[in-house]
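Peer 1:
Protein chains: 2
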Amino acid sequence: MAETMIPVAPAASRQGYAKSEATREAIITAALSAFGRHGFAAATTRQIAEAAGVALPAIAYHFGNKEGLHLACARAIVARYYAQAADLALEAGLALDAAPPPEVCSDYLRHILRRLLRLFAQDEAAGSQADFVAREMRDRGPAFQILYDQLWAPGVEITARLVAGCQGRKTVQDADRAEALMLISSLLAFNTGRDVALQILGRARLDATTLDLLDGAIDRMVEGISKRPR
Amino acid sequence: MAETMIPVAPAASRQGYAKSEATREAIITAALSAFGRHGFAAATTRQIAEAAGVALPAIAYHFGNKEGLHLACARAIVARYYAQAADLALEAGLALDAAPPPEVCSDYLRHILRRLLRLFAQDEAAGSQADFVAREMRDRGPAFQILYDQLWAPGVEITARLVAGCQGRKTVQDADRAEALMLISSLLAFNTGRDVALQILGRARLDATTLDLLDGAIDRMVEGISKRPR
DNA sequence: ATAGATATCTAACGTATGATAGATATTCAG
DNA sequence: CTGAATATCTATCATACGTTAGATATCTAT
């Protein structure tokens, strides 16, 4: 039972060298783009290594194997989303504890959905992340639970609380969760289905005026929720 | 320049044998499930052949290669969707020509979205089809244009006309198309994201009471559109 | 009934991929 | 400075995949 001769990243107890972290980052960034664009199966480790500017075995060294890299990507996405959207979600969550009036809730809902739209559709890197999440929604791999627990569950819950708040309720019902799911999913039309959406709207790219158009659609949807007869 | 020795399906001019069509159907059904569930790259021709109960080269014989099979699947989906939903869409389209009152439009919109929800989420075969369509939305392969031209474009347009009609307008604006896209996309939460949705709603499967819940959410969204101040 | 057309099969090929072996370069504590 | 720990590399392997070759079975017009 000879020890394997493959070099492996040092255990968490040992300290790694400084430059190593940069390589990890480069590989994850390249992998996020590749997995997001082509999916887990179609993305090749060679392409990822080349895009990251490293040799192929660097992936095995840092992440064990392709699936380990995939998992690391999921964790990286969670971290990046938290950095980009946690502030607003946290603020809304705190505000909700005080049972604010419907107008405040609808304002928060509007803002969160607009932020989400930009996160989904705007810059390339964020788009790849959202693509990754959308793919893993369906492919229930090991990364699914990470993304579900740390993105979907809290994201839908805060949205559902806002939906309830828009209607003057403080307790969240399943109907609110269903509407929250639909609201978030409706924005995926401009990520997952960016090409279809642009072609239908007759736009070449998602520029400022197109974003205005979509913001307006979001506003009207939120208004439809808050102006309901109670 | 010797002729290839690979048997190839007879040209359209020649008549094939009767049993051959059944094999084609079996392969397409298996392929739809595999492509829908795993995507083009991850689905293997061997799995498909086995699921269809035929030997591997039958695929090459009938469809040329894997991509030919993929295209044939796209065409089959279009045909099946037309069979399952064209009646309602056609009826709504005809009704719209008469510039009906908003209540009629919102009724049609409600019915179409409910039908779409069932098409997306209910039975397994239809779910695979919707999965296939959703995947191709992003992967812009050769099948994209088929699905876009024959499903997305007409589907979104009729929905957009209904959205406009709900607000008492007869002319369709880009804002209506954007809302139509979002409405359809919101239902994909229960196809693409079925597992996430069920887990969030705390249901084991999409049963009748869950469907009721979602129908209610659709109704409220449609109401939010038609009850707008004009 | 039969022959030619059509359909399906077993077996094999070439290739791209993920993984691995082992050598070499780099880092940094002492 | 130095040398052990860490990181990265070149080269190779085993495998699974899409495809192809060519033999065999099945069908149907005559």
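Protein sequences, first through last, are from chains A and B. When you line the first sequence up against my numbering, it's residues 10 to 239, in that order. When you line the second sequence up against my numbering, it's residues 10 to 239, in that order. Where a beta carbon is used, it is the ideal one built from N, C-alpha and C, also for glycine. None of these values were measured; they are calculated from a predicted model.
In its own chain, which residues sit with a C-beta less than 7 Å from the C-beta of residue 198 of chain B, not counting the 5 before and 5 after it?
Peer 2: Position 189 of the second sequence, counting from 1, holds the residue named residue 198 of chain B. Closer than 7 Å at the Cβ level, and outside the excluded window around residue 198 of chain B, lie 206.
Peer 1: Measuring alpha carbon to alpha carbon, tell me which of B:59, B:25, B:27 and B:51 ends up nearest residue 38 of chain B.
Peer 2: Numbered from 1 along the second sequence, position 29 holds the residue referred to as residue 38 of chain B. Nearest option by C-alpha distance: B:59.
Peer 1: Can you name the residues of chain B whose CB is closer than 7 Å to the CB of residue 165 of chain A?
Peer 2: Within the first sequence, numbered from 1, the residue matching residue 165 of chain A stands at position 156. Within chain B, the residues near residue 165 of chain A are 209.
Peer 1: I want to verify the contact list: residues of chain B whose CB lies under 8 Å from the CB of residue 188 of chain A, in sequence order.
Peer 2: Reading the first sequence from its first residue, position 179 is the one you call residue 188 of chain A. What residue 188 of chain A touches in chain B: 226, 229 and 230.
Peer 1: Strictly below 8 Å CB to CB, what residues from chain B border residue 222 of chain A?
Peer 2: Counting from one through the first sequence, the residue named residue 222 of chain A turns up at place 213. Chain B residues near residue 222 of chain A: 183, 184 and 187.
Peer 1: 8 Å is my cut-off, CB to CB: does residue 124 of chain B come that close to chain A?
Peer 2: Position 115 of the second sequence, counted from the start, is the residue given in the question as residue 124 of chain B. No, no contact with chain A.
Peer 1: Let me confirm a value: residue 185 of chain A is counted as buried when at least 16 other C-beta atoms fall within 10 Å, else exposed. Which label applies?
Peer 2: On the first sequence, residue 185 of chain A is found 176 positions in, with the first residue counted as 1. That one is buried.
Peer 1: For residue 148 of chain B and residue 76 of chain B, what's the separation of their Cα atoms in angstroms?
Peer 2: Position 139 of the second sequence holds residue 148 of chain B. Position 67 of the second sequence holds residue 76 of chain B. Distance between the alpha carbons of residue 148 of chain B and residue 76 of chain B: 13 Å.
Peer 1: Counting only the same chain and skipping the five closest in sequence on each side, list residues whose C-beta sits under 8 Å from that of residue 111 of chain B.
Peer 2: Working through the second sequence from its first residue, we reach residue 111 of chain B at position 102. Cβ within range, chain order: 174, 175, 176, 177 and 235.
Peer 1: I need the boundaries of the alpha helix (DSSP H) containing residue 28 of chain A, first residue and last residue.
Peer 2: The count along the first sequence starts at 1 and reaches residue 28 of chain A at position 19. Where residue 28 of chain A is concerned, the enclosing alpha helix (DSSP H) stretches over 27 to 47.
Peer 1: Using a C-beta cutoff of 8 Å, does residue 201 of chain A count as contacting chain B?
Peer 2: Taking the first residue of the first sequence as 1, we reach residue 201 of chain A at position 192. Closer than 8 Å: yes.
Peer 1: List, in order along the chain, the chain B residues whose C-beta lies closer than 9 Å to that of residue 57 of chain A?
Peer 2: Numbered from its first residue, the first sequence carries residue 57 of chain A at position 48. The contacting residues do not exist; residue 57 of chain A stays about 15 Å from chain B at best.
Peer 1: Listing by chain order, which chain A residues have their CB less than 7 Å from the CB of residue 149 of chain B?
Peer 2: The residue labelled residue 149 of chain B in the question sits at position 140 within the second sequence. What residue 149 of chain B touches in chain A: 204.
Peer 1: To the nearest angstrom, how far is the alpha carbon of residue 170 of chain A from that of residue 204 of chain B?
Peer 2: For the purposes of this step, residue 170 of chain A is taken as the residue at position 161 of the first sequence. For the purposes of this step, residue 204 of chain B is taken as the residue at position 195 of the second sequence. Each residue's alpha carbon lies about 21 Å from the other.
Peer 1: Here's a check: name, in chain order, each residue in its chain whose Cβ is nearer than 8 Å to the Cβ of residue 7 of chain A, leaving out the five neighbours to either side.
Peer 2: The structure shown does not extend to residue 7 of chain A, since chain A spans only 10 to 239, so no value can be given for it.
Peer 1: Only counting the same chain, and skipping five residues up and downstream in sequence, which positions put a Cβ closer than 8 Å to that of residue 19 of chain B?
Peer 2: If you number the second sequence from 1, residue 19 of chain B lands on position 10. Here the set comprises 25.
Peer 1: Going by Cα to Cα distance, which pick from A:233, A:80 and A:29 is closest to residue 151 of chain A?
Peer 2: Within the first sequence, residue 151 of chain A is the residue found at index 142, counting from 1. Of the candidates A:233, A:80 and A:29, the one whose C-alpha sits nearest the C-alpha of residue 151 of chain A is A:80.
Peer 1: Taking residue 234 of chain B as the query, report the chain A residues whose CB atoms sit under 7 Å from its CB, ordered along the chain.
Peer 2: Here residue 234 of chain B is taken as the residue at index 225 of the second sequence, counted from 1. Within 7 Å Cβ-Cβ: 233.
Peer 1: Assuming residue 179 of chain A and residue 108 of chain A form a contact by the criterion Cβ under 8 Å, report the distance between their Cβ atoms to the nearest whole angstrom.
Peer 2: In the first sequence, residue 179 of chain A corresponds to position 170, counting from 1. In the first sequence, residue 108 of chain A corresponds to position 99, counting from 1. Contact flag correct, Cβ pair sits at about 5 Å.
Peer 1: If you reduce the DSSP assignment to three classes, tell me which class residue 75 of chain B lands in.
Peer 2: On the second sequence, residue 75 of chain B is found 66 positions in, with the first residue counted as 1. Here residue 75 of chain B sits in helix by DSSP.
Peer 1: Considering only their Cβ atoms, is the gap separating residue 83 of chain A from residue 63 of chain A smaller than 8 Å?
Peer 2: In the first sequence, residue 63 of chain A corresponds to position 54, counting from 1. In the first sequence, residue 83 of chain A corresponds to position 74, counting from 1. Not in contact: residue 63 of chain A and residue 83 of chain A (Cβ atoms no closer than 8 Å).
Peer 1: Who are the Cβ neighbours of residue 130 of chain B in its own chain at under 6 Å, not counting the five residues just before and after it?
Peer 2: One-based indexing of the second sequence puts residue 130 of chain B at position 121. Result list for residue 130 of chain B: 199, 200 and 215, in chain order.
Peer 1: Below 8 Å on the Cβ atoms is my guess for residue 128 of chain B versus residue 182 of chain B; work out the distance and round it to an integer in Å.
Peer 2: The sequence position of residue 128 of chain B within the second sequence is 119, counting from 1. The sequence position of residue 182 of chain B within the second sequence is 173, counting from 1. Actually they do not touch by this definition, with Cβ atoms about 27 Å apart.
Peer 1: Skipping 5 residues on each side, what residues in its chain have a beta carbon closer than 7 Å to that of residue 11 of chain A?
Peer 2: Taking the first residue of the first sequence as 1, we reach residue 11 of chain A at position 2. Note on residue 11 of chain A: pLDDT 39, under 50, position unreliable in the model; no value is reported.
Peer 1: Please go through the same chain and pick out, in chain order, the residues whose beta-carbon is closer than 7 Å to the beta-carbon of residue 44 of chain B, but skip the five residues on each side of it.
Peer 2: Indexing the second sequence from 1 puts residue 44 of chain B at position 35. The residues are 52, 79, 82 and 141.
Peer 1: Using a Cβ cut-off of 9 Å, which residues of the segment 37 to 50 of chain A contact any Cβ in chain B, in chain order?
Peer 2: The segment 37 to 50 of chain A vs chain B, Cβ under 9 Å: 46, 47, 48, 49 and 50.
Peer 1: Note down, in chain order, every chain B residue with its Cβ under 9 Å from the Cβ of residue 119 of chain A.
Peer 2: On the first sequence, residue 119 of chain A is found 110 positions in, with the first residue counted as 1. The premise fails here: residue 119 of chain A is roughly 14 Å from chain B at the closest Cβ pair, so nothing lies under 9 Å.
Peer 1: Flag this pair as yes or no: are the beta carbons of residue 153 of chain B and residue 145 of chain B separated by less than 8 Å?
Peer 2: Here residue 153 of chain B refers to the residue found at position 144 of the second sequence. Here residue 145 of chain B refers to the residue found at position 136 of the second sequence. Against a cut-off of 8 Å, the Cβ pair of residue 145 of chain B and residue 153 of chain B comes out as a contact.
Peer 1: What does the Cβ neighbour count give for residue 99 of chain A, buried or exposed, with the cut at 16 atoms within 10 Å?
Peer 2: Along the first sequence, read from residue 1 onward, the residue named residue 99 of chain A stands at position 90. Exposed, because fewer than 16 other Cβ atoms sit within 10 Å of the Cβ of residue 99 of chain A.
Peer 1: Going along chain B, which residues have a C-beta under 7 Å from residue 198 of chain A?
Peer 2: By 1-based counting over the first sequence, the position of residue 198 of chain A is 189. Chain B residues near residue 198 of chain A: 190, 191 and 194.
Peer 1: DSSP state of residue 15 of chain B, grouped into three classes?
Peer 2: Taking the second sequence and counting its residues from 1, the one referred to as residue 15 of chain B is at position 6. Looking at residue 15 of chain B - three-state DSSP - the assignment turns out to be coil, as it is neither helix nor strand.
Peer 1: Residue 226 of chain A: which of B:163, B:194, B:210 and B:188 sits nearest, CA to CA?
Peer 2: In the first sequence, residue 226 of chain A corresponds to position 217, counting from 1. Closest option to residue 226 of chain A, Cα to Cα, is B:188.
Peer 1: Measure from the C-beta of residue 90 of chain B to each C-beta in chain A and report whether the shortest distance is under 8 Å.
Peer 2: In the second sequence, the residue the question calls residue 90 of chain B occupies position 81. Closer than 8 Å: no.
Peer 1: Straight-line CA distance for residue 118 of chain B to residue 163 of chain A?
Peer 2: Within the second sequence, residue 118 of chain B is the residue found at index 109, counting from 1. Within the first sequence, residue 163 of chain A is the residue found at index 154, counting from 1. Distance between the alpha carbons of residue 118 of chain B and residue 163 of chain A is about 31 Å.
Peer 1: Do you know whose CA, among A:133, A:231, A:220 and A:222, lies nearest residue 46 of chain A's CA?
Peer 2: As a working mapping, residue 46 of chain A is identified with position 37 in the first sequence. Minimum Cα distance to residue 46 of chain A is reached at A:133.
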